[in-house]
Amino acid sequence: MKPSAIADALKTTYGISVGNKQIRNFLNRVAHGEIPEHRRLRSGRPLTSCSPDNSAMVRDVVGDEPTVPATVTAKRTRNPRTSVQRILKKRGFILVSKVSSSVSVAYLIITLQVRVHCVNEKQQRNRAECCQRLLPKLNDEFVKRIVCSDEKLFSISPSRYSNKGGIWTTLKKNELSPSVLQSPRSTSQRNLMVWAEVSWNGKTKLLFVEPGLKINAEYYVQQLREGILSSCGRLYRDGSFVLQQNWAPAHASRKTLAFLDSVGVEYHQKKEYPSESPDLNQLDYRMWAELNRIEGH
């Protein structure tokens, strides 16, 4: 049965409008075993997030306010932001966009873009060459010995609303005060740099870099000597770990490499780790992105 025929039947029988692409994707998932052909009947119980208790808490926090940021409400009710948004939508609130400036509000056309990592032709060739050198080493035992390390700079400056550029309201956009739709920003922000390491055997303690402190070779060697290598040693009692660095200037310094060689630490050579390769590091590929996603929740 063609997706178009299924769509027509759903429209005629149940009054439900479903696109052909959505039906085609569903059938493909069933064919690949991702969805059982005979799905069990659900109990009909309402979603826990939209329970009367949670709805009552949101109602008490919102009160008679015509505008409310969902993130602030989520923090006060200790519920997920998506659940609060679902409750607000049921109460007749709609999501409108804000602007991050002090100018008068104008109509906005918002287009969502997919963020991808930029790799030029030279970096692509370098990745191919490095991977060819690294490929003979790769096996399950070697991968389990790798300790991925990376640092991330987080902004900790407080914001008026942390709602990803939107605010929920029961009013029309032209009925709102311009101050509600404006999100203040400052040119001076407080930042915090965090250093982390993860491996097959677990994670190490987080290292917080003092604000304004530059990570040079001297500082990096000091941290290796006083905390980083000892944390790796607790994960690998026999000292068999392989340190993976992204070869920042402090990592590639002669002083750093001399220290690692002097203490007998195995590490990826620069020729084995191509630049602009976040997909080779779980922190860069997944962890930091996840922390950025939940920032402000």
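Numbering (my numbering), first residue to last: 21 to 317. We put the CB at the ideal spot given by N, CA and C, even for glycine. Quick caveat, the model's predicted, so the values are computed rather than measured.
Opening and closing residue of the beta strand (DSSP E) in which residue i lies
i    : result
E171 : I166 to S175
L303 : Unbroken run through L303: none, as it is neither H nor E.
L227 : L227 to V229
Coil, strand or helix - residue i by DSSP
i    : result
W308 : helix
M21  : coil
V241 : helix
A216 : strand
D28  : helix
G259 : coil
L47  : helix
S120 : Annotation note: pLDDT 44 at S120 (below 50); position unreliable, coordinate value reported separately. S120: coil per DSSP, three-state reduction.
I187 : strand
T33  : helix
K192 : coil
T91  : helix
G247 : helix
G53  : coil
C253 : The residue you asked about is not Cys; residue 253 is Gly in the sequence shown. The answer is helix: DSSP assigns G253 an H, G or I state.
E111 : A small correction: the amino acid at residue 111 is Arg; Glu does not occupy that position in the sequence shown. Correct three-state label for R111: coil.
R98  : coil
P269 : helix
E292 : helix
E161 : helix
S297 : coil
Proximal residues to residue i (C-beta, below 7 Å), its chain only, five neighbours per side dropped
i    : result
D170 : A216, N266, N301, L303 and D304
I235 : V229 and A270
F174 : N211, L212 and V214
R153 : K291 and E292
R96  : V81
N146 : P294 and S295
F279 : V241 and L244
T276 : A237, Y240, V241 and A270
C150 : K291, E292, Y293 and P294
K31  : S37
G253 : G259
Counterpart residues of residue i in DSSP-defined beta bridges
i    : result
N211 : S175
Y287 : L263
V330 : Look at the range of the chain in this structure, 21 to 317, and you will see that residue 330 is not part of it.
V104 : DSSP, once it has assigned bridges, lists no residue as partnering V104.
K223 : V218
N-terminal and C-terminal residue of the alpha helix (DSSP H) that residue i is part of
i    : result
L280 : R274 to S282
L154 : E141 to L154
P72  : P72 to V82
I235 : Looking at the DSSP string, I235 is not in any alpha helix (DSSP H), and its letter there is neither H nor E.
S199 : P198 to L201
Residues near residue i in its chain [Cβ-Cβ closer than 8 Å; skip 5 each side]
i    : result
G35  : none
V163 : W220
V20  : The shown model of the chain, from 21 to 317, leaves out residue 20, and the question about it has no answer.
A309 : none
S24  : N40
A76  : none
L132 : In this predicted model, L132 has a pLDDT of only 42, less than 50, meaning its place in the structure is not dependable; the value taken from the coordinates is given anyway. Taken in chain order, the list of residues that qualify is empty.
Contacts around residue i, its chain only, beta-carbon distance under 6 Å, and the 5 residues preceding and following it disregarded
i    : result
K172 : V214 and W308
S273 : A237
I26  : I43
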